[in-house]
Each structure stands twice: as C-alpha cells, then as structure tokens.
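Q: Supplied in structure tokens, the structure appears directly below.
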Amino acid sequence: MPTPDLTLQQLRAVRTLAASGSFTKAAAAEHISQSVLSRRIKEVERLLRVRLFDRTTRQLHMTAAGHAFLLMTGAVLDDMDMRLSRFMSYVAAQSGTIAVAALPSLAAAVLPDMMRGFMRDHPEVEFEIIDGPADEVAERIESGTVELGLTAHGDLPDGLCFTPLLRERFYGVAHHSHPWAARSSLSWADFNGETVVATRPGTSIRAITDAAFNRYSISVSPHFNACSAATIRGLLRAGVGVAALPAFELQGFALDDLVAVPVDSPGATRVTGVMYRCSQDLSPVAARFLDFMHTAEINTPRGVSRVPEGHTGGLPGGLRQA
C-alpha cells in the first residue's frame, strides 16, 4: 500500500483539532476558517482511508485510529518545529557555526576577546578556529573550508577581499647582549650583515621582511627558517641571530633576556584584518560577526593601532577590499 502524501498543514490541523476538541477553537488557532479546517481533516481521512474523528452535532471524539495517528506523527511535527526554530535562529544570526582561519598570533591575542564579546549577545553560536600561516589561511578561504580569515594583508588571490582592522609595528628582536640593547630605534639598514632568524616563505612576516631587504639592498646571512614564534624565541635566546617581528608576535614572549627595539622605516608595519570570498554570501551569523569585528573594542598592546573603519590602513590602491 503506497504511503499517503500528507502535508505539514494537514498534520498540524489534525493535532490542533485533537488538542482543542472543537472545530471553532482549532480553526482560530490555525488562523483559518472552519470550512477550510474541515476540508483538511476530511482530506487526511480520505488519503488514510480511515476515520480519525467521530463527529456529532454536539461532540467531537478521536477514534482509536486517530490516537494511533497522533502518536506516530507527533514526533515528526515536534522534530520539524525544532528544526524550523533552529533555522529561524540561523537566519536571524543567533545560532550556527563560524569557521575562522587565523594567524597563530591573532588567534591567540585578538580572536578570544572578539569571540567573548560576540557571544554575550549570541550565546548559541559556535566557533571553529583553525590557526596557520598566511598562505594556509588564504587556501582555506578559497576552498570554502572557512568563511573568514584573520590574517595579514598581502597579494590577494583572485576572488578574495580584505578589510583592514589593525596596524602592527615591527621590532628588531635580539639577545640582550646584542648591541641593539643600547638602541631606542632601528632602521631596516641595521639588519645589514646580521644573521636573521626568519619565518618560512609563505608567511606574512617573511613576505614583508624579504620585500624590505630587497627594496633597501640589505644583505643578511642565511636565514634560520622557523615555523613558530616559540622556535624563533628559542633561537634568539641562544644568541644565534636576530629577528624582525610585528607586535602581536611578541605577545607571550618573556623579554627578560631579549630586547625588542622598534623599527622606524617605511614598510615596517603589518596590516592585519579579515579576508573572505568576495562573490559568496556569508552565512548570516558570519556576516554579523564580520560587522562586529569592525566595531569591537580591541585591547591593543604596544606597537598596535586600530585602523579606523572605512580607512584602507595604508593599503596600495587597486586592491580588492570591503
């Protein structure tokens, strides 16, 4: 026997009538006329080939088949109501999962406070955080693994947009026994001839320092390529070289045996912000979080300043940005 093709309207009509015990009350609850409600009940009974209600001029009673029908379909309606409620929360940006890829320094120093502030008004939102270098952040956005990327500005792959949020100053970092310990500021030229402990190619820091060294024809000894700030910190403490690092990378550094001297040269800043796909609509909750990041209070440490909303943050012209 084929399964009858019943609609949610028809299922709700049966449940409302059973709960109210009256066509008048049920029709009012469903915001329809009694005649429309009566037709819906009769159509359900026709499709099921069974009476669900015994009707008299004064009384309405459910049949045994009616009770069995409610028992078996009630869970369907409850589940649908729950799912629709969740979907409406999703549409209203009150629930859902926000997948964010972020530079490790930003994931540790910026994202937590932003998440906490956002979740005060959106307690049902969940976050999925994936930290990694700049090239991996861009790859995850391109592939659709995440919707938002908290990263540094650089050459934007086709189809990606960038909104600047923060500007970080670069510092020359070295062991406290290094001559830089007596300096109040440095220039890129001070790196000439030094052994530089650097991040690997593909990272935002490496792109900025390589560009600066090339621009000013600065010759440095072979790099020690490191994958993490902790490794760089260990190498600097061992006195094997110096590093050029933006302010957020120094968060968590115990500088008791290291010095961090600001670099006062053009290009000695890193602009960080939010990257996302230009052509794809963000989910409602991700779009709400993006708006929130533009206005959220950020505890900026030494060497970090907020890029005012609507400003480019010193980005070169012609680049895609929101």
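full-length UniProt numbering puts the first residue of the sequence shown at 1, with every later residue one more than the last. Positions of the beta carbon are idealized from the N, C-alpha and C atoms, including for glycine. Keep in mind the model is a prediction, meaning the values are calculated, not measured.
Does the contact criterion of 3 or more C-beta pairs under 8 Å hold for the segment 133-152 versus the segment 100-117?
A: Contact holds: three or more Cβ-Cβ distances are below 8 Å.
Q: Closest to THR272 by C-alpha separation, out of PRO266, ALA287, ARG288, ASP155, would be which residue?
A: Residue mapping note: residue 272 aligns to position 272 of the sequence shown, counting from 1. Minimum Cα distance to THR272 is reached at ASP155.
Q: Which same chain residues end up closer than 6 Å to ILE232 when comparing Cβ atoms and leaving out the 5 residues on each side of it in sequence?
A: The residue labelled residue 232 in the question sits at position 232 within the sequence shown. Excluding residues within five positions, the ones whose Cβ falls inside 6 Å are VAL197, ALA226, ALA243.
Q: When burial is assigned at 16 or more other CB atoms within 10 Å of the CB, is GLY318 buried or exposed?
A: Taking the first residue of the sequence shown as position 1, residue 318 is located at position 318. Unreliable positioning characterises GLY318 in this predicted model, as indicated by a pLDDT of 34, which lies under 50. The coordinate reading is nonetheless provided below. It is exposed - the Cβ of GLY318 has fewer than 16 other Cβ atoms within 10 Å.
Q: Only counting the same chain, and skipping five residues up and downstream in sequence, which positions put a Cβ closer than 8 Å to that of LEU236?
A: Here residue 236 corresponds to residue number 236 of the sequence shown, with the count starting at 1. For LEU236, where only same-chain residues beyond five positions count, the Cβ hits under 8 Å are VAL173, ALA174, HIS175, VAL197, VAL242, ALA243, LEU258.
Q: Following the continuous alpha helix (DSSP H) through VAL242, name the residue where it begins and the one where it ends.
A: Here residue 242 refers to the residue found at position 242 of the sequence shown. No alpha helix (DSSP H) holds VAL242; DSSP gives it neither H nor E.
Q: Please say whether SER177 and PRO262 have beta carbons closer to each other than 8 Å?
A: Indexing the sequence shown from 1 puts residue 262 at position 262. Indexing the sequence shown from 1 puts residue 177 at position 177. No; because the gap between Cβ atoms is not below 8 Å, this pair is not in contact.
Q: Considering only C-alpha positions, which residue in the set LEU150, ASP121, GLY144 is nearest to ASP131?
A: Within the sequence shown, numbered from 1, the residue matching residue 131 stands at position 131. Of the listed residues, the one whose Cα sits closest to ASP131 is LEU150.
Q: Given a threshold of 16 other Cβ atoms within 10 Å of its Cβ, counted over all protein chains shown, does HIS122 qualify as buried or as exposed?
A: The residue labelled residue 122 in the question sits at position 122 within the sequence shown. Counting Cβ neighbours within 10 Å, HIS122 comes out buried, since at least 16 surround it.
Q: Within the same chain, show all residues whose beta-carbon is closer than 7 Å to that of MET62, passing over the 5 residues directly before and after it, in chain order.
A: Residue mapping note: residue 62 aligns to position 62 of the sequence shown, counting from 1. The residues are ALA18, LEU52, PHE53.
Q: So within the segment 169-208, which uninterrupted beta strand (DSSP E) runs reach at least 3 residues, ignoring any that extend past its ends?
A: With a minimum length of 3 residues, the continuous beta strand (DSSP E) runs that stay inside the segment 169-208 are 195-199.
Q: Under 6 Å Cβ to Cβ from PRO201, same chain only, skipping five residues before and after it: list those, please.
A: In the sequence shown, residue 201 corresponds to position 201, counting from 1. Cβ neighbours of PRO201 beyond the five flanking positions: none.
Q: Mind checking who LEU164 pairs with in its DSSP beta bridge?
A: Within the sequence shown, the letter at position 164 stands for residue 164. Looking at the sequence itself, residue 164 is Pro, so the reference to Leu does not match. PRO164 pairs with GLY273.
Q: Decide yes or no for the touch test of the segment 162-170 against the segment 263-270: beta carbon pairs closer than 8 Å, at least 3 of them.
A: These segments touch.
Q: Put ARG51 into one of helix, strand or coil per three-state DSSP.
A: The count along the sequence shown starts at 1 and reaches residue 51 at position 51. Correct three-state label for ARG51: coil.
Q: Specify the secondary structure class of ILE218 as computed by DSSP and reduced to three states.
A: Against the sequence shown, residue 218 aligns to sequence position 218. The answer is coil: DSSP assigns ILE218 none of H, G, I, E or B.
Q: Label SER221 either buried or exposed according to how many other C-beta atoms from any shown protein chain fall within 10 Å of its C-beta, with 16 as the threshold for buried.
A: Along the sequence shown, read from residue 1 onward, the residue named residue 221 stands at position 221. Looking at its Cβ environment, which holds fewer than 16 other Cβ atoms inside 10 Å, SER221 is exposed.
Q: Pull the bridge partners of ILE41 from the DSSP assignment, please.
A: Reading the sequence shown from its first residue, position 41 is the one you call residue 41. According to DSSP, ILE41 bridges with nothing at all.
Q: Excluding five sequence neighbours on each side, which residues of the same chain lie with their C-beta closer than 6 Å to the C-beta of HIS223?
A: Counting from one through the sequence shown, the residue named residue 223 turns up at place 223. The answer, listed in chain order, is VAL196, ALA198.
Q: Relative to the alpha-carbon of ARG277, which residue among ILE41, THR57, THR145, SER38 has its alpha-carbon at the smallest distance?
A: Position 277 of the sequence shown, counting from 1, holds the residue named residue 277. The option with the nearest alpha carbon to ARG277 is THR145.
Q: Let me confirm a value: THR203 is counted as buried when at least 16 other C-beta atoms fall within 10 Å, else exposed. Which label applies?
A: Sequence index remark: in the sequence shown, residue 203 carries index 203 (1-based). The residue in question, THR203, is buried, as its Cβ has 16 or more Cβ neighbours within 10 Å.
Q: Helix, strand or coil for THR151, going by three-state DSSP, please let me know.
A: Along the sequence shown, one-based indexing puts residue 151 at 151. Note: THR151 maps to strand in three-state DSSP.
Q: So, for ALA229: in the same chain, excluding its five sequence neighbours on each side, which residues have a beta-carbon less than 6 Å away from its beta-carbon?
A: Mapped onto the sequence shown, residue 229 falls at position 229. Only GLU249 meet the Cβ criterion.
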